[in-house]
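As numbered in the numbering used here, residues 2 to 308 make up the sequence shown, in order.
In this text, a Cβ means the ideal position worked out from N, Cα and C, and glycines have one as well.
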Amino acid sequence: MSPRHFLTLQDCTPAELEHLIQRGMQLKKLRQQGIACEPLKGRVLGMIFEKSSTRTRVSFEAGMFQLGGSALFLSPRDTQLGRGEPLADSAIVMSSMLDAIMIRTFAHSTLTEFAAHSSAPIINGLSDDHHPCQLLADMQTYRELRGCIKDKTVVWFGDGNNMCSSYIEAAVQYGFNLVVSCPEGFDPDAELMRWAGSRAQIIRDPKQAVQGAHVISTDVWASMGQEAEAQARIKQFAGYQVTRELLDLADPQVLFLHCLPAHRGEEISHDLLEDPRSGVWTQAENRLHAQKALLEFLIKPSLVSND
Ligand code: CP
Ligand code: NVA
């Protein structure tokens, strides 16, 4: 039987995504109470990072340990992947020894190809096209801090990038309305926008876009791999900085989210993360709890001991 993978939010049903929110909140409470929960004893997660990471690496590695298992950091620089061993061969071999594999990569096709040959679940830890694990944390954060997101309005600012694509999928899967406010030339994936139908629209004018917003979220203007465009993008995205004044135009209960890392003075004003309407530190911590729920969901229950 082929394993369950988590490459985009479309890999789970809305009911499963709701389960992950509930379980993420439960696991968070257990940790706060100092109660151990170790259903993944003896299980091992492989983590392939082709790009840098702070939150994704720490949350997956710490999360696996806290669930009773362990995690291996696999850099392409040190494995045969970096020397051209085919993805399919690597997937067959690694998945025969590991219980799940998280991959942070450039081309999304690397994930789909790896998953096609893997006997263990593959988790997307970010690709050029999607960042679904971040959305698990974002949705748990909104639930904790504001309540149910169904039919609320979420405004995405800036680049129609990997995070934006996962927000488009989230709009459909969690049932909220998404407004994307981006400069021309940086529109989100047209096919995904069509797929989302009336759940997603583009409003270019930032002040118009934030009317009635319950969530405002943004991301760096130059993603990993786009470093050479960074200076040009600062000019191209001028006018799309999220500020306290912009939040003032939204719903009084608006929540500001940012997947981090943030560039103060670029996509956000210097003071935004200190604003009481910002939930970014809870959001970052929730990567841990939400992904523990995901790991538990994807990895089968512990082996029976034969000591
Ligand atoms: N938000 C996020 O994925 O952060 P890292 O790049 O630090 O993992
Ligand atoms: N869009 C950003 C997200 C970082 C978590 C990037 O891909 O670099």
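- Within the chosen limit of 6 Å, ligand 2 does not reach the beta carbon of S53 with any heavy atom.
- In this chain, S53 is not harboured by any alpha helix (DSSP H), its DSSP state being neither H nor E.
- Going by beta carbons, S279 and F257 fall inside the 7 Å limit.
- Judged by DSSP secondary structure, T113 falls within the alpha helix (DSSP H) whose first and last residues are H109 to H118.
- Less than 7 Å divides the Cβ of K208 from the Cβ of L250.
- Annotation for R5: P122 and L299 place their beta carbon closer than 6 Å to its own, counting only its chain and skipping 5 residues before and after.
- Relative to ligand 1, the beta carbon of L46 is positioned no closer than 6 Å to any heavy atom.
- Shown here, G47 sits in a strand according to DSSP, grouped into three states.
- Bridge partners of I235 according to DSSP: none are assigned.
- For H290, the uninterrupted alpha helix (DSSP H) run begins and ends at V281 to L299, by DSSP.
- Closest option to S76, judged by alpha-carbon separation, among F66, I49 and A138: I49.
- The C-beta separation of Q67 from K293 comes to about 7 Å, placing the pair in contact by the 8 Å criterion.
- According to the DSSP secondary-structure assignment, N125 is paired through a beta bridge with I104.
- Remark: fewer than three beta-carbon pairs, one from each stretch, lie closer than 8 Å, so the segment 18-28 and the segment 44-60 are not flagged as touching.
- Ligand 2 approaches S224 closely enough that one of its heavy atoms is under 6 Å from the residue's Cβ.
- A direct Cα-to-Cα measurement between H118 and D79 gives close to 21 Å.
- In the structure shown, H259 adopts extended strand secondary structure according to DSSP, grouped into three states.
- Counting other Cβ atoms within 10 Å of its Cβ, C183 reaches 16 or more and is therefore classed as buried.
- The C-beta separation of W222 from E268 comes to about 6 Å, placing the pair in contact by the 8 Å criterion.
- Taking one beta carbon from each stretch, the segment 163-178 and the segment 233-245 have fewer than 3 pairs nearer than 8 Å; the two do not touch.
- By the neighbour-count criterion, in which a residue is buried when 16 or more other Cβ atoms sit within 10 angstroms of its Cβ, V59 is exposed.
- With a cutoff of 6 Å, C183 does not count as near ligand 2, since its C-beta is closer than that to no heavy atom of the ligand.
- In chain order, F298 place their CB closer than 8 Å to the CB of E17, counting only its own chain and leaving out the 5 sequence neighbours on each side.
- At the C-beta level, A214 and V281 stay beyond 7 Å of one another.
- By alpha-carbon distance to S53, the top candidate from Q232, H264, F107 and A201 is F107.
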